[in-house]
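A quick write-up on the structure given underneath.
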Amino acid sequence: MSQPCLNAATCFPDATIPLGYRCGCQTGFTGSTCENDERICKDNTCWNNGICIEVNSTTVDNNGTTFYCNCSESFTGVHCELKVNLCVNITCQNHGICRTVNMSWSCICLTPSLYCGNYCEIQTSALKVKQALSKSFASVAIVALVLTCSFVIIMDIL
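For the sequence shown, full-length UniProt numbering assigns the number 1 to the initial residue and increments by one for each residue that follows.
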């Protein structure tokens, strides 16, 4: 084996030990060949492109955490494991659904032909026309019923 020391350790010849060499381990590695990774910030400590930062032992929090993850703006949590939800305090109206897109929120109107606006709060002209037609047809139907009943009563009297 040309380089018996692992994890970027430095190999030193040493005739005083049975292996004939010793390894000078990088900070955070232990073992005769520096095979044990004791680093607090390992490659998988922070997720979703978070950057692990070791914390001085005098500033350790109540949970014994000796690191913190500097998360990208899209994630939060101890290990950057939680996606930021910008829709927590957003209420979309008229059955709209809030979605987080590119670190912004947007209400998706499920009936865009009827409602629009940032919160799906604006009635479209198509909805206003439908409502006016419904009222008109209802009025015509009531008048037709009244006339029909009146006609029947008058014919019954005559």
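Glycine is no exception: its CB is placed at the ideal position from the N, C-alpha and C atoms.
Bear in mind the structure is a predicted one, so any value in this text is a computation, not a measurement.
Proximity below 8 Å, CB of residue i to CB of residue j
i: Leu86; j: Ser72; result: no
i: Leu114; j: Gln123; result: yes
i: Arg39; j: Gly31; result: no
i: Glu54; j: Phe67; result: yes
i: Asn102; j: Cys80; result: no
i: Cys109; j: Asn94; result: yes
Close Cβ partners of residue i (< 6 Å) along its chain, the five nearest in sequence each way excluded
i: Cys107; result: Cys92, Gly96, Cys98, Tyr119 and Cys120
i: Pro13; result: Tyr21
Residue i, buried or exposed, once every other Cβ within 10 Å from all chains shown has been counted against 16
i: Gly50; result: buried
i: Cys46; result: buried
Same chain, Cβ closer than 7 Å to residue i, five either side skipped, listed in chain order
i: Thr33; result: Pro4, Cys5, Leu6 and Cys23
i: Asn70; result: Gly50, Ile51 and Ile53
i: Lys83; result: Ser74 and Phe75
Contact set for residue i: own chain, Cβ-Cβ below 8 Å, skip 5 residues either direction
i: Thr10; result: Cys23 and Gly24
i: Glu35; result: Leu6, Asn7 and Phe29
i: Leu19; result: Pro4 and Ser32
beta-carbon residue i near the ligand SAH non-hydrogen atom, thresh 7 Å
i: Ala8; result: Only the bare structure without any ligand can be found here, which leaves the ligand SAH out of the picture.
Whole runs of the alpha helix (DSSP H) within the segment 119-158, excluding any shorter than 4 residues: 125-157
In the segment 37-95, which residue ranges form an unbroken alpha helix (DSSP H) of at least 4 residues, counting only runs that do not cross its ends? none
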